[in-house]
Each structure stands twice: as structure tokens, then as C-alpha cells.
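Novice: Going by this note's numbering, the sequence shown opens with residue 5, and the numbers climb by one from there.
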Amino acid sequence: VDWFNNEARGALFIPEPVSLKLDDNAQISGLIERIKALDYRLVILDPLFCMIQGNENDTKDMTRVMDNVNRIKLETGCSIIIAHHHGKGDMAGRKGGDKQRGSSVIGGASDGNITLERVEPEMLKNNSLAGLPDTYGLLSFQMRNSEAREPLILELDRETLWWMVAKDNAVDFSKRPKPVTVQEILRVHGNPQIQSELIKTMVARGWGKSAASKEIVRLVEANILTRTPRTDVPYGFTVGLTQNGMEIGY
């Protein structure tokens, strides 16, 4: 609190738990008036799951929340930062907002995503650090309207518990876990498959939904996959390996 009072002048810092709910229009109106009165330029909402009454997996509920967040921004002119958690399971292949748990509305409404994630032990160049997987973090950036900067490797200072930019290149990005390929999924789970079911499997194995769709299109154009319209389902497709795709190794 002292640091915020002395170094971050103009910040609204409430160290005690508050009952602010982002899907309560009356509370949003009160927050907007407070921001205007004190002329704050930045509001940090941390964490998101404590500030909603609805279901974070429900599109309608989270649309209401994100509409109110946008209302705060439009009526006050301040910037909004929301702290949110990743979903569970394998996140390999997902980027930025695709990693957030809950409805895709949350990530889709963001102008940018800054993601902090654990560095996998196999990525550490110094094997002696493998027993300290939480010592290093990967900070990556995803921007809607501008070019994102390169990821940063952060190192945890265990005395102060502050994350600082690592002093040396401690991580080998080439060893970063990669998602299971579409070819592998088709070989293991059946070839061909209904495209919607294939995308569900890809998402479960580490792909983001948008990335999965784009990968299927890319492989069709590369003559690795075929995509045939289905007559029983409107806008439905069956996806399978071409002869070329079956001959290509994993």
C-alpha cells in the first residue's frame, strides 16, 4: 500500500476485498462516477472470477460483463486491465485469449492479452533448474491493432517475490511443447472425421479453436487433407487424409 501511495500516484488501490460485480449495472454506474470524480486513467480488475455473478462459461453472461467493461472505458476514457486465469488442461498451441478459461467472449473482447505462464522444465538450458519449474515464467503478448513484441523470460526473485526480466537466456524456445498434429489425431481417432468433431478433438489436444480451423484450411490447401461437403448437415464437412497426407510422417 505504501508503494502505491508513494510511487503510483493517481492509482485507485483497494487492498481489501470488495463486492463489485461487473454484471450489476447499478454498481457499474457507481464505479464510473468514482472514476470520473478522481480522474483515474487506469483501472485493474483482479481477479475476474470474483467480480461476476453469472457463469463465466456462458456466452450471454460474459457478454453482459464485457459490455459493462467497455461501458466503463467509453464513459470515462480510462484503460482497463483484467486479471484472469488460464483454463485447465494442455494449453500447447493456444495463444493469448484462447488460453483463458470460460467463454471465448472474454478474450475476444480484449484489445490485447499479456499472458504469464510456467516455463516447462525441458525448456530450461540449465538442467539444475529443472527442480524449480516456478523460477522462470514466459510473458507473451498478443495485440489486436498493433504488432506484438517478442516474449520475455521472467525470473522470480524468491526474496521479494517480484518477477524480473531474466538476466541471461535461460530458456530454449525450440523445446517448447507443441500441439498434437491433425494427422496424428486422424490416424489415432479415425480417418475421415466430421470437421466439427475433429476441431473439438484438436481443442482438447492443445489447439485453440480458431487456430484449429485455420490449420485444417492450410492442410487442405497443401493437399494433406481433403474436405468434402456433407449433405446431411448444413455447412458441414468431412475431413480426411489424402494419399499424400497418409504418406507424410508424424
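By construction, the Cβ of each residue, glycine as well, lies at the ideal position given by its N, Cα and C atoms. These numbers come from a predicted model, not from an experiment.
In this structure, how does DSSP classify Ile313 when only helix, strand and coil are distinguished?
Specialist: Residue 313 falls outside the range modelled here, since the chain spans only 5 to 254, and no answer is possible.
Novice: Residues in the same chain with beta-carbon distance under 6 Å from His89, minus the five sequence neighbours each way, listed in chain order, please.
Specialist: Arg105
Novice: Report all residues from its chain with a CB closer than 8 Å to the CB of Glu201; omit the five preceding and five following residues, and keep chain order.
Specialist: none
Novice: What did DSSP end up calling Ser83 once you bin it into helix, strand or coil?
Specialist: strand
Novice: For Val69 and Asp102, I'd like the C-alpha separation in whole angstroms.
Specialist: 18 Å
Novice: Excluding sequence positions up to five away, which residues of its chain have a Cβ less than 6 Å from the Cβ of Lys213?
Specialist: The beta carbon of Lys213 sits closer than 6 Å to the beta carbons of Val207 from its chain, once the five residues preceding and following it are set aside; these are given in chain order.
Novice: Looking only at its own chain, which residues have a Cβ that is under 6 Å from the Cβ of Ile85, when we skip the five neighbours before and after it?
Specialist: Ile48
Novice: Between Ser83 and Arg38, is the Cβ-Cβ spacing less than 9 Å?
Specialist: Judged by beta-carbon spacing, Arg38 lies beyond the 9 Å limit of Ser83, meaning their Cβ atoms are not closer than that value.
Novice: Who are Gln146's beta bridge partners in DSSP?
Specialist: BP columns for Gln146 point to Asn117.
Novice: Which residue's Cα is closest to the Cα of Arg75: Pro51, Ile32, Asp62 and Asn61?
Specialist: Ile32
Novice: Would you mind reading off the limits of the alpha helix (DSSP H) that contains Glu37?
Specialist: Taken as a continuous stretch (DSSP letters only), the alpha helix (DSSP H) holding Glu37 covers Asn29 to Leu42.
Novice: Counting along the chain, where does the alpha helix (DSSP H) carrying Leu160 start and finish?
Specialist: Taken as a continuous stretch (DSSP letters only), Leu160 belongs to no alpha helix (DSSP H), being part of the beta strand (DSSP E) at Leu156 to Leu160.
Novice: Can you tell me whether DSSP reads Gln187 as helix, strand or coil?
Specialist: helix
Novice: Quick test of the definition: if touching needs 3 or more C-beta pairs under 8 Å, does the stretch 155–168 touch the stretch 137–147?
Specialist: yes
Novice: By the three-class DSSP mapping on this structure, what secondary structure does Val109 have?
Specialist: Val109 sits in a helix when the DSSP states are folded into three classes.
Novice: Return the bridge partner residues of Trp166 from the DSSP annotation.
Specialist: Paired residues: none, contrary to the question.
Novice: Hey, out of Met147, Val221 and Lys64, whose CA is closest to Ser107's CA?
Specialist: Lys64
Novice: Might you give, ordered along the chain, the residues of its own chain that have their beta carbon closer than 7 Å to the beta carbon of Ser217, omitting 5 neighbours on each side?
Specialist: Excluding positions up to five away in sequence, the list reads Ile203.
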